[in-house]
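Quick note on our numbering: the sequence shown kicks off at 1 and runs consecutively.
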Amino acid sequence: MTRIHDLRSYIRLLEENNQLANIRKPVSLVHELANVAAAVTRQGRGAALFDRPQDAAWPVFAGAVGSPTLAALALECELSQMSAVMDQALDPARGVPPRRVEQAAWKANVLTGEAVDVRRLPIPTHGAHDGGPFITGGVTVSKDPLSGRGNLSYNRMQVLGPHTLGFNVNEWRHTMQFYKAREAQDEPLQIAIAIGLDPAIMIAAGARYDDDELLIAGAIRGQGVPVCRGVTVDVDVPAEAEIVIEGYLPPRRRHAEGPLAEFHGYYGELWESPVFEVTAICFRDQPIYQTIVPGHSEHIYIGNVLPREPLLMRFVRHVSSHVTGLHIPPYGNGFSAVVQIQRSNPGEPKNVAMAAFTAHVNIKQVIVVDPDVDIYDPADVLWAITNRVDWSRDVFFVPGAQGHEMDPTADARGVHTKIGIDATYKPERRQYGERVRYPDLDLGPYLS
Ligand SMILES: Cc1cc2nc3c(=O)[nH]c(=O)nc-3n(C[C@H](O)[C@H](O)[C@H](O)COP(=O)(O)O)c2cc1C
Ligand SMILES: [Mn+2]
């Protein structure tokens with residue numbers, strides 16, 4: 001039975017598992033909060049809950065799914081099961097549809113008309129060169145104007161005025177398709193932004209999926225997500241969200257927004273984006289605002305790691321039944337993959353690497369290791385590269401291959417070189433026997 005159904009129940013679970021850093025010191029929303037949140041993630045201290053940032057009426061939560069440990073907690077599974085759990089959740093045949101309810105916790109407080117002012121929300125300015133405060137951890141909820149199906153996505157939103165936000169949306173997103181369809185009729189697209197959510201919904205919103213991504217969240221929890229109709233928009237929004245911002249994207253309006261820290265680790269550009277006109281701000285009693293530090297691990301985890309590991313797994317398993325693990329490490333910005341195999345044949349690792357490249361266009365660097373290497377530990381992966389790779393024999397290049405347009409090593413159309421590294425042990429070359437291992441101990445009894 002699932003224990004997580006909203007952000008609050010998740011925070012309780014994090015606390016019980018020693019994965020919550022409670023920050024009582026009032027921090028500035030401008031850079032300091034993001035710096036602290038990123039440090040908490042980097043140092044493996046779990047997620048960060050800021051009781052009361054400076055000039056903020058509400059607490060701020062950051063880093064919900066910022067590491068494999070947290071993602072496993074959010075998915076209520078073992079680390080080693082994560083790919084399989086995501087694979088099932090992303091299977092359209094296993095989707096569990098949301099269920100409509102009449103009451104939503106966030107309808108306790110509703111601001112409309114003159115009362116709407118998004119500047120009252122504790123929206124952080126994250127990166128040192130970000131263009132200003134951005135909503136980064138809000139999930140856009142919308143509806144296909146043609147079929148009526150629901151949709152979730154992430155769209156960075158820059159505060160432009162009391163009821164206006166810049167709304168970034170790339171060309172090929174569902175949300176953009178919906179907006180274009182409405183624009184062609186000279187009509188606005190109604191949307192709602194849900195903030196402060198069950199991490200299953202956060203994970204679902206990062207996936208590319210043909211149906212309503214709420215089905216993924218339902219599959220993760222084994223029960224449909226309760227949704228409730230908006231106050232000013234005809235959109236069904238998760239009923240247990242902490243905060244809901246409703247409004248519309250008017251047709252044929254664009255405004256510059258940016259820059260913002262990007263998933264590849266540089267700052268992005270200014271974009272001429274649609275604008276979001278806010279019609280209502282709704283919130284639970286004592287709401288918790290949630291943010292994602294942009295260009296840092298949670299951003300990559302939700303967008304590039306969790307939805308893609310199952311996809312790569314399917315491809316590599318197709319070429320080899322000896323694959324024992326696969327990880328897209330957040331430090332590789334979604335461009336790298338580490339595949340673990342029980343190698344049966346000297347040529348097998350290279351085929352597996354090729355399969356991983358072709359599974360997703362972003363993947364440009366694949367490292368294949370043995371089962372004795374911890375794919376979640378960058379130091380162990382580097383150990384394998386150092387001690388098991390002969391560079392002229394174990395590496396191959398694929399020049400002129402298609403990658404992501406924003407990959408800093410690619411040309412403007414995303415063309416670049418992919419690389420496969422066979423970092424498996426080659427006993428046919430030389431025998432090395434056992435690796436040196438000292439077990440990791442609990443030092444408590446030794447230090448007291
Ligand atoms: C934290 C985060 C921020 C994102 N920001 C944006 C963004 O500003 N613009 C955009 O087009 N995609 C952004 N994405 C990617 C999309 O939200 C994501 O690919 C989603 O699946 C698109 O869904 P859709 O095709 O249903 O619209 C972001 C992803 C994450 C995880
Ligand atoms: Mn979609």
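The C-beta atom is built at its ideal place from N, Cα and C for all residues, glycine as well. Just so you know, these numbers come straight off a predicted model, no measurement behind them.
Asked                                                                                              : Found
Closer than 7 Å: Y154 CB and nearest ligand 1 heavy atom                                           : yes
Segment contact flag, the region 70–78 with the region 103–113, C-beta cutoff 8 Å, min 3 pairs     : no
Candidates L33, L249, M1 and H322: closest to I193 by CA position                                  : L249
8 Å contact criterion, which R343 and H322 should meet: CB distance rounded                        : 7 Å
Check: A207 C-beta below 7 Å from any heavy atom of ligand 1                                       : yes
6 Å CB neighbourhood of A72 in its chain, flanking five on each side removed                       : L79 and M82
beta-carbon N170 near ligand 2 non-hydrogen atom, thresh 7 Å                                       : no
Local conformation of G303 per DSSP, three classes                                                 : helix
Close Cβ partners of Y331 (< 8 Å) along its chain, the five nearest in sequence each way excluded  : S297 and P378
Distance cut-off 7 Å: H327 Cβ against heavy atoms of ligand 3                                      : Among the ligands modelled here, namely ligand 1 and ligand 2, ligand 3 does not occur.
W391 (DSSP reduced to helix, strand or coil)                                                       : coil
Those residues which DSSP pairs with R229 across a bridge                                          : D236
Heavy atom of ligand 1 within 7 Å of R173 beta-carbon                                              : yes
Cross-strand partners of R99 (DSSP beta bridge)                                                    : P226
Entirely enclosed beta strand (DSSP E) segments - the region 362–426, minimum 3 residues           : 365–369, 395–402 and 415–422
Neighbourhood of D380 by C-beta, 6 Å cutoff - its chain only, sequence neighbours within 5 removed : V373 and D374
Assigned exposure category for K25 - 16 Cβ within 10 Å defines buried                              : exposed
Segment contact flag, the region 233–241 with the region 108–125, C-beta cutoff 8 Å, min 3 pairs   : no
Distance cut-off 7 Å: I292 Cβ against heavy atoms of ligand 1                                      : yes
Cβ-Cβ distance between I216 and G95 below 8 Å                                                      : yes
Supposed contact pair L312 and A359 - C-beta distance, whole angstroms, cut 8 Å                    : 4 Å
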